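J.: Each residue of the sequence shown is one higher than the one before, counting from 1 in the numbering used here.
Just so it is clear, CB atoms sit at the ideal spot from N, CA and C, and this is done for glycine as well.
Keep in mind the model is a prediction, meaning the values are calculated, not measured.
Structure below; questions to follow.
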Amino acid sequence: MLVTGCAGFLGFYITSFLARYATELGIERIVGTDTFLLARPAWLDELAKLPHVEIVAHDIAHDAIGDIPHARDVDLVLHMASIASPVFYRKHPVVTMEANVWGLRRLLDFYGEGGLRGLVFFSSSEIYGDPTPDAIPTPEGYRGLVSCTGPRACYDEAKRFGETMCWVYAQEYGLPVTAVRPFNNYGPGMRLDDRRAPADFAKAVVEGRDIVLLSDGTPTRTFCYVADAVAGYVKALVHGSYDAFNIGVERPEITMRQLADTYVAAGAEVFGYTGVVRFEAPDEAAYLTHNPQRRCPDISHAREMLGYDPRVEVDEGVGRFLRFLRETGARA
């Protein structure tokens, strides 16, 4: 099995899960690749000590796929390589596009001759842009309201084009390619300097600082605990034919202020946290540009086709995340 982008948040959880249950899942070897542009987490070195796990530095957009160890033996691929945090993909827009477009194209070409049992492209809920009220919860068939220019376009449009490539290669060459669209996943593996809200709030709790909201707190999201999300991704990997699936939770849809309050309550229990929620203006002018007001998936398609059944409520998930940080010395 090949996991590109193994050093990221989802890469941590998925690679750890696959490594732990490799025997039960019938996985002989897991090869993880990453450029380590943002970081090389210490946990990767621990995973690499396992006899069935190999971690290598590789740029999926520029280096030959054949240079990856055991590339010819791979029959399952999780293409996760991409910067996903808005703060960082605005700093590295070209790199972000390349991983999602050229990196994906290289994988599709390399494995296009057959032999694959499944390839999952990690798309994004951002392909929907800022949905109209009648499109929430948002089904996979919604075409989206997305700008092709602006500070978020490098990510949003690269994901959209990546999905088009997946569909074309599935139609033309019969590749078993599936696209998944994550909706606000959070939990263990998310670095405290990730700069997305769940990580920012966790960092404030760990450091004993007030939680600072850089919006008015009214945008709403549903938040999917990473263990639930990974179950969906693994099910999508063995789906075996082209499709696209929303992977997230339908409820509760809460405001960012409510999420912050959830961290305050869980932080008090786990860390003895005494901070409060404050509002400040963002330092970065583009911070809220094209930021969706609402984000909530319709997951009925994934329920029906994959048996996807997320169960962790946000209160429980935030508590789990903070306990993980406490138990690991806040080294996420």
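1) Could you tell me the distance, in whole angstroms, from the CA atom of Pro188 to the CA atom of Ala202?
2) Kindly give me the distance between the Cβ atoms of Arg340 and Ile136, rounded to whole angstroms, as I take these residues to be in contact under 8 Å.
3) Going by DSSP, what residue range makes up the beta strand (DSSP E) through Gly118?
4) By how many angstroms is the C-alpha of Tyr242 removed from the C-alpha of Glu304?
5) Could you tell me the distance, in whole angstroms, from the CA atom of Thr262 to the CA atom of Pro198?
6) Please report the straight-line C-alpha distance between Leu47 and Glu98, rounded to a whole angstrom.
7) Straight-line CA distance for Thr222 to Asn246?
8) Hey, how far is the Cα of Glu280 from the Cα of Asp210?
9) CA-CA distance, Arg105 and Met165?
10) Distance, Cα to Cα, Gly112 vs Leu175?
11) Helix, strand or coil, according to DSSP, for Ala332 in the structure here?
12) Where Glu163 and Thr23 are concerned, what is the direct C-alpha to C-alpha distance, given to the nearest angstrom?
13) Give the DSSP-derived three-state secondary structure of Leu213 in the structure shown.
14) Just to confirm the assignment, what range does the beta strand (DSSP E) spanning Leu44 have?
15) Could you have a look at Arg143 and say whether DSSP puts it in helix, strand or coil?
16) May I ask which residues mark the beginning and end of the alpha helix (DSSP H) holding Phe9?
17) Look at the alpha carbon of Ala332 and the alpha carbon of Arg191, and state the distance between them as a whole number of angstroms.
18) Assuming Leu108 contacts Tyr169 under a Cβ cut-off of 8 Å, what Cβ separation, rounded to an integer in Å, is found between them?
19) Can you tell me where the beta strand (DSSP E) holding Val177 begins and where it ends?
20) For Leu18, is the classification buried or exposed, using 16 other Cβ atoms within 10 angstroms of its Cβ as the cut-off for buried?
21) Could you say which of Tyr233, Cys296 and Val206 lies nearest to Thr328 if we only look at CA atoms?
22) Taking the runs of the alpha helix (DSSP H) that are 4 residues or longer, which of them lie wholly in the region 203-254?
23) Using 10 angstroms around the beta-carbon of Lys235, count the other beta-carbons present and answer buried if the total reaches 16, otherwise exposed.
24) Mind checking whether Leu259 and Val177 have CB atoms under 9 Å apart?
25) Which class does Thr33 belong to by DSSP, given the choice of helix, strand or coil?
T.: Considering the structure as presented:
1) 11 Å
2) Residue coverage of the chain in this structure runs from 1 to 332, which leaves residue 340 outside it and unanswerable.
3) Gly118 to Phe122
4) In this structure, the CA atom of Glu304 is about 15 Å from the CA atom of Tyr242.
5) 10 Å
6) 27 Å
7) 12 Å
8) 11 Å
9) The straight-line gap from Cα to Cα measures roughly 7 Å.
10) 7 Å
11) Confidence is the limiting factor: at Ala332 the pLDDT is only 46, short of 50, which leaves the residue's position unreliable, though a coordinate-based value still follows. Ala332: coil per DSSP, three-state reduction.
12) 31 Å
13) In the three-state reduction of the DSSP assignment, Leu213 falls in the strand class.
14) Residue range Ala42 to Ala48 is occupied by the alpha helix (DSSP H) that includes Leu44, with no beta strand (DSSP E) assigned at that position.
15) Arg143 falls in the coil class under three-state DSSP.
16) Phe9 to Arg20
17) In this prediction, Ala332 scores a pLDDT of 46, lower than 50, which makes its location untrustworthy; the coordinate-derived value is nonetheless stated afterwards. Looking at the two C-alpha atoms, the distance is approximately 5 Å.
18) Confirmed, about 5 Å.
19) Val177 to Pro182
20) buried
21) The shortest CA-to-CA distance from Thr328 to any of Tyr233, Cys296 and Val206 is the one to Val206.
22) 226-237
23) buried
24) no
25) strand
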